[in-house]
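**Student:** Quick one: this structure, given as structure tokens, is what I'll be asking you about.
Number of protein chains: 2
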Amino acid sequence: MLVRSTIGEVLKDLRLEQGKTLRTISADARVALGYLSELERGQKEASSEILDALAFALGVPTYQIIVEAGYRMMPSVELDKRKETLYTQYHNVNHYEKVG
Amino acid sequence: MLVRSTIGEVLKDLRLEQGKTLRTISADARVALGYLSELERGQKEASSEILDALAFALGVPTYQIIVEAGYRMMPSVELDKRKETLYTQYHNVNHYEKVG
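Top line first, the protein sequences correspond to chains D and G. First residue of the first sequence: 2, per the numbering used here; consecutive thereafter. First residue of the second sequence: 2, per the numbering used here; consecutive thereafter.
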């Protein structure tokens, strides 16, 4: 699964969870309606600026979309290892913040 | 922090952890050297295909780059809430896989 397809799914799911239309998010994020539709279907890459605008329109931080997309890309065969990975990653984040 | 800047940092850190040069990763991933350098500095957006190629050259699954970038984008003020978010996200992943 390509990153853009997974990000598109996350964007669509977040929008539908809130009962919002493509038109509403398009207007709030100032992203063209057709382009937003293509993004949700994984047919276009979202620039970082457009991701920020869409996250803002959806009322979530950008990192939530990114982390959610990353989780969805994990193969199910690695389910058992996932918790350990999360812990490791979490630990690393703290480490980076300490030294950064 | 923009997504592309954070992804660039992750790509660079993964490369340096392995003691590899831009030239090596560029050749292994078949990505132009100058373009790879711009990606690492957050000056260009990586397409999903290029991200896959770079992840392969770095010997990690693409989702690891994505999740790591997402974690690094989390503001430190949310550190306490982070574990809870991770649990929620983890739970969601299982849910999606069950219904998917």
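For glycine and all other residues, C-beta sits at the position ideal for the given N, C-alpha and C.
Using the beta-carbon of each residue, which ones in chain G are nearer than 7 Å to residue 64 of chain D?
**Tutor:** Translated into positions along the first sequence, residue 64 of chain D becomes position 63. Near residue 64 of chain D (Cβ distances below 7 Å), the residues of chain G are 71, 74, 75.
**Student:** If the cut-off is 8 Å on Cβ atoms, which residues from the region 22 to 47 of chain D count as contacting chain G, listed in chain order?
**Tutor:** So the list reads 46, given in the order they occur along the chain.
**Student:** Does residue 17 of chain D have its Cβ less than 9 Å from a Cβ in chain G?
**Tutor:** Against the first sequence, residue 17 of chain D aligns to sequence position 16. So, not an interface residue.
**Student:** Below 7 Å CB to CB, which residues in the same chain sit around residue 20 of chain D once its five sequence neighbours on both sides are set aside?
**Tutor:** As a first step, residue 20 of chain D is located in the first sequence; it is residue number 19 there, counting from the start. Nothing meets the Cβ criterion.
**Student:** Within 8 Å: the Cβ of residue 69 of chain D and any heavy atom of the ligand NAP?
**Tutor:** In the structure on display, the ligand NAP does not appear, and there are no ligands present to speak of.
**Student:** Could you tell me if residue 44 of chain D is buried or exposed, where buried requires 16 or more neighbouring beta carbons within 10 angstroms of its beta carbon?
**Tutor:** Locating residue 44 of chain D in the first sequence gives position 43, where the first residue counts as 1. By the 10 Å Cβ count, residue 44 of chain D comes out exposed.
**Student:** Can you pull the chain D neighbours of residue 52 of chain G, defined as C-beta to C-beta under 7 Å?
**Tutor:** If you number the second sequence from 1, residue 52 of chain G lands on position 51. 4, listed in chain order.
**Student:** Going by C-alpha to C-alpha distance, which of D:3, D:74, D:60, D:47 sits closest to residue 16 of chain D?
**Tutor:** Within the first sequence, the letter at position 15 stands for residue 16 of chain D. Nearest of D:3, D:74, D:60, D:47 to residue 16 of chain D, Cα basis: D:60.
**Student:** For a contact defined as C-beta to C-beta under 7 Å, what are the partners of residue 68 of chain G on chain D?
**Tutor:** Here residue 68 of chain G refers to the residue found at position 67 when the second sequence is read from its first residue. Ordered by position in chain D, the residues that pass the 7 Å Cβ test against residue 68 of chain G are 68, 71, 72, 90.
**Student:** Ordered along the chain, which non-local residues of its own chain (more than five positions away) have a Cβ less than 7 Å from that of residue 37 of chain D?
**Tutor:** Numbered from its first residue, the first sequence carries residue 37 of chain D at position 36. For residue 37 of chain D, where only same-chain residues beyond five positions count, the Cβ hits under 7 Å are 23, 26, 27.
**Student:** Distance, Cα to Cα, residue 12 of chain G vs residue 58 of chain D?
**Tutor:** As a working mapping, residue 12 of chain G is identified with position 11 in the second sequence. As a working mapping, residue 58 of chain D is identified with position 57 in the first sequence. Roughly 29 Å between the two C-alpha positions.
**Student:** Excluding the 5 residues flanking residue 1 of chain D on each side, which residues of the same chain have their C-beta closer than 7 Å to its C-beta?
**Tutor:** Any question about residue 1 of chain D goes unanswered here, given that chain D covers just 2 to 101.
**Student:** Return the first residue and the last residue of the alpha helix (DSSP H) that residue 5 of chain D is part of.
**Tutor:** Residue mapping note: residue 5 of chain D aligns to position 4 of the first sequence, counting from 1. First-last of the alpha helix (DSSP H) with residue 5 of chain D: 4 to 18.
**Student:** Give a yes or no on whether the C-beta atoms belonging to residue 50 of chain D and residue 48 of chain G are separated by under 9 Å.
**Tutor:** Here the question's residue 50 of chain D lines up with position 49 in the first sequence. Here the question's residue 48 of chain G lines up with position 47 in the second sequence. Not closer than 9 Å, so no.
**Student:** When the Cα atoms are used, what is the spatial distance from residue 74 of chain D to residue 2 of chain D?
**Tutor:** Indexing the first sequence from 1 puts residue 74 of chain D at position 73. Indexing the first sequence from 1 puts residue 2 of chain D at position 1. Rounded to the nearest angstrom, the two C-alpha atoms are 7 Å apart.
**Student:** Rounded to whole angstroms, what's the CA-CA distance from residue 39 of chain G to residue 10 of chain D? Just pull it up for me.
**Tutor:** In the second sequence, residue 39 of chain G corresponds to position 38, counting from 1. In the first sequence, residue 10 of chain D corresponds to position 9, counting from 1. Spanning the two alpha carbons is a distance of roughly 28 Å.
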